[in-house]
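Encoded as structure tokens, the structure appears first; notes follow it.
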Amino acid sequence: MKYKNHRHLKKHKNYEKVKWLLIFFIIIVTLLTNHFFKNCNLVVKYTMLTIITGINIIFFYSTKKGKKILLFIQESTNEFYKITWPTKQETFYTTLIILIVAIFISFILWLLDSIIFYFISYIIA
């Protein structure tokens, strides 16, 4: 039984490798045809490019990594909807507080700079 399961896993890994080779092959063929048929009608060229890209995306999402990425995107979307966004009033008051603190700290730094400048000029003169 263990031997049969190992054979199945090896076959599945080979199938994944074939999918990745097919994906890269389609990308290379797409780039080459785009280069060689640059004088072709743009509508036809972009339609074919869209179809080939769609096929490539389908192949990509059928791989293990593609399924993991798709699951990550779905979970990220769910988490995005769980976020509690601040209201306009909260955003305004937070910005106002930050602005006041920045002005206050800059005033303190200016005052310290002036005092240090005064002492240094007194010592030098």
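Using my numbering, read the sequence shown as starting at 333 and increasing by one per residue.
Glycine is no exception: its CB is placed at the ideal position from the N, C-alpha and C atoms.
(message) My output table needs one value for Ser394: the three-state DSSP class, helix, strand or coil.
(response) coil
(message) Please list the terminal residues of the continuous alpha helix (DSSP H) segment that includes Phe424.
(response) Lys420 to Ile456
(request) Measure the alpha-carbon distance for Thr382 versus Ile437 and round it to whole angstroms. (result) In this structure, the CA atom of Thr382 is about 55 Å from the CA atom of Ile437.
(message) Is it the case that the stretch 422-442 contacts the stretch 372-389, given that we only count it when at least three CB pairs across the two stretches are under 8 Å?
(response) No contact exists between the stretch 372-389 and the stretch 422-442.
(message) Here's a check: name, in chain order, each residue in its chain whose Cβ is nearer than 6 Å to the Cβ of Lys400, leaving out the five neighbours to either side.
(response) none
(request) Starting from the Cα of Phe356, find the closest Cα among Phe369, Lys345 and Ile389 and give me that residue. (result) Per the Cα distances, Ile389.
(request) Would you identify the three-state DSSP class for Ile358, choosing helix, strand or coil? (result) helix
(message) Quick check: the Cα distance between Gly398 and His367, rounded to an integer number of angstroms?
(response) 28 Å
(message) Tell me the rounded alpha-carbon separation between Lys396 and Phe404.
(response) Our two residues, Lys396 and Phe404, have alpha carbons roughly 12 Å apart in a direct line.
(message) Please report whether the beta-carbon of His367 lies at a distance below 8 Å from any beta-carbon of chain E.
(response) Absence of chain E from the displayed structure is noted, only one protein chain being present.
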